[in-house]
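Here the structure is laid out as structure tokens; the discussion comes afterwards.
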DNA sequence: TATGAATGAGCATTCATTCAT
DNA sequence: TATGAATGAATGCTCATTCAT
């Protein structure tokens, strides 16, 4: 394995600490220790705790957005899209359950810039999905539903999945998502 | 306007301050100033900052849960239910926009008791809605969809509405909700 | 039993609370509750917490000083004096063990006036005891020891008794006092 | 003068402030100012105000206990022991007058561990002194007095000395101690 | 006279940030 | 470049005291 740059080492540590404890309960000292560097070193690479948090969030969010983009891009049918989507939801949650809590709870600490970036990324996703749905509609795979609205409905499945898994602690989340897909397919096809 | 009790004045101020700035950034001093009372006075009525937050959250949540219960209880058809639901979403958001952010973000600061209460209230809502859907299914108003899953799908509309209105700042939220209802109706009827 | 005056009721409550918990840990509210009066009422009779403490201490100290004066005054022989003295020590400690802790620990909170008064009372005791010892010396009951020094030695037995009983928790305190008396008698007679 | 370590500077300042004002009236800010460091710096070296107090007390007490142990250990006769003891009392008081007040008054704020340690040290002193007295008794230097009781009587001279010097402000304390020794010698030899 | 609701000064403690080395 | 000792602003909470009723 190649040597990581200091900057990356710190980001990795920030990732681990922030997503374990949340923004307020994480201290710069904790992150420095986790990274195996001095507290001062962090300020050589990041101007503040908030900037470190913001960059960490951006890297995590990029990863998630890319995963979802892939699914949208490669789907050849509405069924494939919905199933790929729900599978990815379950996978993300199982892998990153603890992290997702923080992703949704500490949004207030990210910079205005990142807030806009997040919003834009989500809108890009929405645009891509809308466009894909339009293809399905024009190729008669789908009813003539309003594609923008349908796109939001689909993206919103992520929120339901997270809520059921993490808050309600519902074991049958997967079944429920599958069933929701059936309803949507009935409604859309 | 009639005289409010100190306790109510403080709760109102807590409501305004917490929901404006979030739990961590709100200070007891801020709330005291907003209420127009001394810092010590707050501790005459609430044993800690956390208890004040918890009580404020409970009162807001009660109000929202009751509104939604009403809709589920009084709906005579699936159309009425979905439309009532989406209208109420829009209304709640327009009325309480600022509050809903915090309602979802600072859950970690409420007491374990309130956390359980919130979860239970939501599950009660789910149970009530599931039961209503079963009626619709047995009276052939609806297809034989899995009612528990459909219930979560419907409840999850709240989350989409909040997200579109507050985060994405989407003006056409109302239209999108309406369209989502059409899809669900197609899928369920 | 006759009705106590408010002032006395409060002093009695202060006695109970202060001697139970010490000055700093006792609150005016506690004392008011113990007295069964309102917090404000205390300030009708005492100008501050410190004054209340001072007056309470003075009344307790008066009681102890009087007890000891009695012994000195009525003793007809050096043996009687020493034995009366040690018995009274044990008695006071057994009766008021808890209180004596505070009597010695919170002296910093009493007014300068009471500090002087306490010192004067002790010096009066010393003077009385010195005078008694001089009688014993002139009547050849005692060796020609320096009476002032012997008086301090005797008064100091109280401190030893308190220390052994309360700090060291020595069960044989009584025996040790008795033995000390023997030594002093040997030395003095 | 050589450079002191921060830790020692803070302990020295704590010593001065605590022993001047007592535990409750001393503030961490005062100690920081006295030490010429920031408030936060104190918490780099001591985990709390109580720990700082406890460590300060232990260092002072160690010093006193060691001084007294020396005297007991090196005394070859009962006269030498008593005289050494009383001289050391006077010396300690002149050197550490202010400190001794607090040493006896704020014991409630030291950790349970230190409380036990103090009691044990005193009991060790008592044991050592008792053992020495037994030697003197078996070598016929002393009458057959109960050595344990005599040991407490001697140790208690410290308390008398402190009281006379600090509370009564008696100038002739030294004379009185000397005279007490005579009485004890008469009584014991 | 008696009250207790209201107050705010005061405290211990935390932690992001700085800067001399 | 890397460090971590030093800092002090900021905060939740307590409680003696006041004062309107």
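Residue numbers (full-length UniProt numbering), protein chains in the order written: chain B, 1 to 189; chain R, 1 to 189; chain H, 1 to 189; chain Z, 1 to 189. Just so it is clear, CB atoms sit at the ideal spot from N, CA and C, and this is done for glycine as well.
Which of helix, strand or coil DSSP assigns to residue i
{"i": "residue 169/B", "result": "coil"}
{"i": "residue 187/Z", "result": "helix"}
{"i": "residue 26/H", "result": "coil"}
{"i": "residue 37/H", "result": "coil"}
{"i": "residue 53/Z", "result": "helix"}
{"i": "residue 5/H", "result": "coil"}
{"i": "residue 47/R", "result": "coil"}
{"i": "residue 111/Z", "result": "coil"}
Beta carbon proximity, residue i to chain R, threshold 8 Å
{"i": "residue 43/B", "result": "no"}
{"i": "residue 196/B", "result": "An answer regarding residue 196/B cannot be provided, because it is not within the stretch 1 to 189 covered by chain B."}
{"i": "residue 149/B", "result": "yes"}
{"i": "residue 81/B", "result": "no"}
{"i": "residue 183/B", "result": "yes"}
{"i": "residue 68/B", "result": "no"}
Any C-beta of chain B under 8 Å from that of residue i
{"i": "residue 19/R", "result": "no"}
{"i": "residue 187/R", "result": "yes"}
{"i": "residue 77/R", "result": "no"}
{"i": "residue 153/R", "result": "yes"}
{"i": "residue 110/R", "result": "no"}
{"i": "residue 167/R", "result": "yes"}
Any chain Z beta carbon closer than 8 Å to residue i
{"i": "residue 96/H", "result": "no"}
{"i": "residue 145/H", "result": "yes"}
{"i": "residue 58/H", "result": "no"}
{"i": "residue 122/H", "result": "yes"}
{"i": "residue 22/H", "result": "yes"}
Closest residue to residue i among the options (Cα-Cα distance)
{"i": "residue 65/B", "options": "187/B, 184/B, 109/B, 120/B", "result": "120/B"}
{"i": "residue 12/H", "options": "53/H, 43/H, 118/H, 88/H", "result": "53/H"}
{"i": "residue 124/R", "options": "186/R, 10/R, 68/R, 86/R", "result": "68/R"}
{"i": "residue 145/R", "options": "181/B, 86/B, 112/B, 136/B", "result": "181/B"}
{"i": "residue 138/R", "options": "110/R, 107/R, 77/R, 116/R", "result": "77/R"}
{"i": "residue 50/B", "options": "36/B, 80/B, 26/B, 161/B", "result": "26/B"}
{"i": "residue 118/R", "options": "148/R, 58/R, 106/R, 136/R", "result": "58/R"}
{"i": "residue 142/Z", "options": "79/Z, 162/Z, 10/Z, 46/Z", "result": "79/Z"}
{"i": "residue 82/R", "options": "55/R, 150/R, 56/R", "result": "150/R"}
{"i": "residue 17/Z", "options": "35/Z, 116/Z, 5/Z", "result": "35/Z"}
{"i": "residue 163/H", "options": "29/Z, 107/Z, 48/Z, 5/Z", "result": "107/Z"}
CB contact below 8 Å: residue i versus chain H
{"i": "residue 117/Z", "result": "no"}
{"i": "residue 156/Z", "result": "yes"}
{"i": "residue 10/Z", "result": "no"}
{"i": "residue 53/Z", "result": "no"}
{"i": "residue 164/Z", "result": "yes"}
{"i": "residue 114/Z", "result": "no"}
{"i": "residue 179/Z", "result": "yes"}
{"i": "residue 105/Z", "result": "yes"}
{"i": "residue 176/Z", "result": "yes"}
{"i": "residue 160/Z", "result": "yes"}
{"i": "residue 1/Z", "result": "Only weak support is given to the placement of residue 1/Z: the predicted model assigns it a pLDDT of 44, under 50, and the value that follows is read from those uncertain coordinates. Cβ-Cβ to chain H under 8 Å: no for residue 1/Z."}
Inset, instruction - Quick one: which unbroken beta strand (DSSP E) runs of 3-plus residues sit fully inside the stretch 137-162 of chain B? Chain order, please. - result: none
Legend entry - Inter-stretch contact (C-beta, 8 Å, three-pair minimum) for the stretch 125-135 of chain Z and the stretch 54-73 of chain Z: yes
Legend entry - contact_flag[the stretch 169-179 of chain H, the stretch 18-27 of chain Z] where n(CB pairs < 8 Å) is 3 or more: no
Legend entry - the stretch 147-154 of chain Z / the stretch 87-107 of chain Z touching (three or more Cβ pairs under 8 Å): no
Legend entry - Contact the stretch 51-65 of chain R vs the stretch 130-144 of chain R: 3+ CB pairs below 8 Å: no
Inset, instruction - Could you tell me which uninterrupted alpha helix (DSSP H) segments, each at least 4 residues in length, are contained entirely in the stretch 74-106 of chain H, listed from first to last along the chain? - result: 78-105
Legend entry - Touching by the beta-carbon criterion (3+ pairs, under 8 Å), the stretch 177-189 of chain B and the stretch 82-92 of chain B: yes
Legend entry - At least three beta-carbon pairs within less than 8 Å, the stretch 181-188 of chain R to the stretch 157-166 of chain B: no
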